[in-house]
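For the sequence shown, the UniProt record's numbering begins at 1 and goes up steadily by one.
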Amino acid sequence: MPQAASAQQLAVSHKSPFNCGKTFNANNWYPNHSPSGSIDWQDYGGDDINGEPVRATAAGTASFNDAGSTSYGKWIEIRHSDGTRTRYAHLASMVRGAGGSMSVSQGTQIGTVGSTGGSSAPHLHYEQRTSTGAMDTSPTVDGVTVSLGQRKPVTSTNGCGGGNPYTPEEACGSGYAVIDSAALTGGRTYLLYNSGNGNNCVVTMKTTSLGTPSPVSAFLEPQGESRTTDSGNYGYYAGPVRLNAANQCVKWGGSVGSSSYTSPFEHCG
């Protein structure tokens with residue numbers, strides 16, 4: 001078994017995996033919790049955690065997995081820029097299917113809290129690991145270190161203040177979840193999907209010159225149909241561009257200033 005790492009070895013700074021302002025209990029059970037050092041996030045102060053959006057605690061590349069009725073159930077691993085990793089397990093849903101992957105920013109929604117796999121009640125199983133796979137047994141989130149045997153309430157600052165006050169989900173509306181995104185200089189463009197009505201939505205969120213009108217655009221093109229684009233001088237984001245694309249491949253993207261992204265036709269069906 002690899003030797004546990006200390007929190008100081010993890011260079012990436014992690015936020016709570018929940019929406020800004022949400023408070024949940026971080027439980028670092030000891031002993032009899034596997035793997036030792038993992039965190040079980042549970043209800044706090046009457047706030048029900050079941051179905052709560054789960055967000056990336058730091059930027060990286062997310063891979064999506066499904067262990068079925070055993071172990072982690074639906075789970076995600078994010079590999080961060082310094083080689084470290086985080087894991088999120090027992091999810092009710094994931095924004096991409098098992099076997100998929102996507103680039104995520106800190107705060108990108110990746111799934112929802114549930115009780116899949118070897119779980120007896122809804123909660124989020126969370127791990128911080130070094131680049132070698134060793135567990136950090138005293139993980140730090142939002143500046144709070146939770147050592148073995150400790151239980152601490154943590155209030156999320158993920159997405160709070162200093163950045164764009166809007167999220168892709170807020171821009172597109174109820175029922176939409178991020179399924180892909182691409183980085184731009186000065187922002188990020190997002191593709192979202194609403195499983196209830198079969199609509200896709202594209203928004204491009206600025207990360208610089210916030211509140212100051214500057215060139216930004218977002219577009220969506222279902223295969224075989226014309227492209228729809230929203231572009232202009234906006235303070236926070238371009239879009240939303242919403243189109244029905246059930247059972248179709250889509251090309252999507254956007255720009256901030258001179259930095260642009262155009263996808264191939266993908267996300268078919």
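Beta carbons: idealized from backbone N, C-alpha and C, even for Gly.
Is residue i near residue j, with beta carbons less than 9 angstroms apart?
i	j	result
Thr204	Thr189	yes
Gly211	Gly235	yes
Asp180	His80	no
Phe169	Pro17	It is Glu, not Phe, that sits at residue 169 in the sequence shown. No.
Asn25	Lys206	no
Ser260	Ser217	yes
Ser147	Gly175	no
Ala89	Leu124	yes
Ser103	Thr61	yes
Lys15	Val141	yes
Ser101	Ser63	yes
Ser105	Ala134	no
Gly232	Gln248	no
Val250	Leu191	yes
Thr145	Ser156	no
DSSP has residue i in a bridge; who is on the other side?
i	result
Ala177	Tyr193
Cys201	Leu192, Arg242
Gln150	Answer by DSSP bridge pairing: none, since Gln150 is not bridged.
Ala62	Ile78, Met102
Thr208	Answer is none; Thr208 lacks a bridge partner.
Glu266	Val250
Considering just the uninterrupted stretch of the alpha helix (DSSP H) at residue i, what are its terminal residues?
i	result
Glu170	168-172
Beta carbon of residue i: closer than 8 angstroms to some heavy atom of the ligand MG?
i	result
Pro264	Judged by which ligands are present, the structure shown has none, so any question about the ligand MG falls away.
Which whole-angstrom value is the C-beta distance of residue i and residue j, which I expect to be below 8 angstroms?
i	j	result
Cys20	Asn158	6 angstroms
Gly118	Thr70	6 angstroms
Cys201	Arg242	5 angstroms
Asp47	Thr23	7 angstroms
Gly198	Ala245	7 angstroms
Pro240	Ala171	5 angstroms
Could you check where the beta strand (DSSP E) with residue i kicks off and where it finishes?
i	result
Ser231	228-234
Ile49	Ile49 -> no beta strand (DSSP E), and no H or E assigned at all.
residue 270	Any answer about residue 270 is impossible in this case: the structure gives the chain only from 1 up to 269.
Phe219	214-222
Glu127	124-129
Gly159	Unbroken run through Gly159: none, as it is neither H nor E.
Thr23	23-27
Lys251	250-256
Gly111	109-113
Tyr261	259-262
Asp40	39-42
Exercise for the section: Kindly confirm or deny that the segment 28-39 and the segment 70-82 touch, where touching means at least three C-beta pairs closer than 8 angstroms. Expected result: No: the two stretches stay apart, fewer than three of their Cβ pairs being nearer than 8 angstroms.
Problem - Cβ contact check for the segment 89-103 and the segment 26-34: 3 or more pairs under 8 angstroms - result: Verdict: no, contact absent.
Problem - Cβ contact (3+ pairs, closer than 8 angstroms) linking the segment 101-116 and the segment 47-61 - result: In this structure the segment 101-116 touches the segment 47-61; the number of beta carbon pairs closer than 8 angstroms is three or more.
Practice task
Count the CB pairs spanning the segment 103-110 and the segment 52-67 that are closer than 8 angstroms, and state whether there are at least three.
Solution key: Yes: the two stretches touch, three or more of their Cβ pairs being nearer than 8 angstroms.
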